[in-house]
Amino acid sequence: MTEKLWRPMHLGAVPVYRGSPSVRDWMPNNHSIILIDDFESPQKLAEFIDFLDKNDEEYMKYLAYKQPGGITNQFLLDSLKHREWGVNDPLLPNYLNGFECFVCDHELARLEAEKAHEAAPGDTPVPEPHIAQPSHMDCPVPAPGFGSVDEIPESDSWKEMWLQDYWQGLDQGEALTAMIHNNETQERKFWDYLHEIFLKRNQNL
1 MTEKLWRPMH LGAVPVYRGS PSVRDWMPNN HSIILIDDFE SPQKLAEFID
51 FLDKNDEEYM KYLAYKQPGG ITNQFLLDSL KHREWGVNDP LLPNYLNGFE
101 CFVCDHELAR LEAEKAHEAA PGDTPVPEPH IAQPSHMDCP VPAPGFGSVD
151 EIPESDSWKE MWLQDYWQGL DQGEALTAMI HNNETQERKF WDYLHEIFLK
201 RNQNL
């Protein structure tokens, strides 16, 4: 979810969205966007959009969240209230820096817990491991909104951009993982790890 979703909502338009499966968790209410995956075909989606275009009252229901009390998603309200980062706020970090701080804070807490356990193993339990799962940050291979990826020509800019970006990002993630597993301390060796993974992946093609 990026500004491609938030900007239309900010302007008072109704987004027609396909993307993150958790998008409903972050909407102001349960009737503020049109989800493409809710429709069995592009034709059904087009018919619904045409219906809204001809029925102002139904369309305005999608903008009810802009009225006082219209934001009913308590999870969203709590997240906005308690988050430690901000948007265009000089006194707060942006969301990227905020996530980095989140990771560092939890790692420091883990190190302190380890020290406490070493000092008094009988009184302080071993800290529980926290291991990332695919559901946290994993991304599937990009796929077109309609049809099969095999139907897209190799010269199409969609394949040249999105698929290449995906595999490049996957290689970079695996390189960082390999560095962690090998207790690597020299960041300049990242490119050596990345090159090795690139060669292995291409050998399997």
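Every letter in the sequence shown is one number past the one before it in our numbering, and letter 80, counting from 1, is 80. For each residue, glycine too, the CB sits at the ideal point set by N, CA and C.
Quick one: Cα of residue i to Cα of residue j, how far?
{"i": "residue 20", "j": "residue 35", "result": "10 angstroms"}
{"i": "residue 117", "j": "residue 126", "result": "6 angstroms"}
{"i": "residue 123", "j": "residue 201", "result": "48 angstroms"}
{"i": "residue 73", "j": "residue 170", "result": "34 angstroms"}
{"i": "residue 52", "j": "residue 7", "result": "20 angstroms"}
{"i": "residue 166", "j": "residue 144", "result": "14 angstroms"}
{"i": "residue 119", "j": "residue 4", "result": "51 angstroms"}
{"i": "residue 55", "j": "residue 49", "result": "10 angstroms"}
{"i": "residue 78", "j": "residue 103", "result": "20 angstroms"}
{"i": "residue 64", "j": "residue 71", "result": "8 angstroms"}
{"i": "residue 42", "j": "residue 148", "result": "14 angstroms"}
{"i": "residue 121", "j": "residue 109", "result": "17 angstroms"}
{"i": "residue 29", "j": "residue 40", "result": "23 angstroms"}
{"i": "residue 68", "j": "residue 134", "result": "38 angstroms"}
{"i": "residue 158", "j": "residue 112", "result": "47 angstroms"}
{"i": "residue 151", "j": "residue 137", "result": "28 angstroms"}
{"i": "residue 186", "j": "residue 195", "result": "16 angstroms"}
Of the choices the options, whose alpha-carbon is the least far from that of residue i?
{"i": "residue 190", "options": "39, 173, 30 and 124", "result": "173"}
{"i": "residue 26", "options": "38, 9 and 108", "result": "9"}
{"i": "residue 132", "options": "157, 28, 177 and 37", "result": "177"}
{"i": "residue 37", "options": "69, 17, 2 and 186", "result": "17"}
{"i": "residue 128", "options": "182, 59 and 114", "result": "114"}
{"i": "residue 163", "options": "182, 183 and 139", "result": "139"}
{"i": "residue 75", "options": "146, 22, 47 and 183", "result": "22"}
{"i": "residue 198", "options": "186, 183, 168 and 182", "result": "168"}
{"i": "residue 142", "options": "160, 179 and 181", "result": "160"}
What did DSSP end up calling residue i once you bin it into helix, strand or coil?
{"i": "residue 62", "result": "coil"}
{"i": "residue 152", "result": "coil"}
{"i": "residue 35", "result": "strand"}
{"i": "residue 87", "result": "coil"}
{"i": "residue 16", "result": "strand"}
{"i": "residue 120", "result": "coil"}
{"i": "residue 134", "result": "helix"}
{"i": "residue 101", "result": "helix"}
{"i": "residue 202", "result": "helix"}
{"i": "residue 143", "result": "coil"}
{"i": "residue 71", "result": "coil"}
{"i": "residue 92", "result": "coil"}
{"i": "residue 157", "result": "helix"}
{"i": "residue 184", "result": "coil"}
{"i": "residue 1", "result": "coil"}
When burial is assigned at 16 or more other CB atoms within 10 Å of the CB, is residue i buried or exposed?
{"i": "residue 33", "result": "buried"}
{"i": "residue 15", "result": "buried"}
{"i": "residue 175", "result": "buried"}
{"i": "residue 45", "result": "buried"}
{"i": "residue 193", "result": "buried"}
Between residue i and the ligand GTP, is there a pair consisting of the residue's CB and a ligand heavy atom that are separated by less than 7 angstroms?
{"i": "residue 73", "result": "Looking at this structure, you won't find the ligand GTP or any other ligand, since it has none at all."}
To the nearest whole angstrom, what separates the beta carbons of residue i and residue j, a pair I think is in contact under 8 angstroms?
{"i": "residue 12", "j": "residue 66", "result": "7 angstroms"}
{"i": "residue 84", "j": "residue 98", "result": "6 angstroms"}
{"i": "residue 93", "j": "residue 101", "result": "6 angstroms"}
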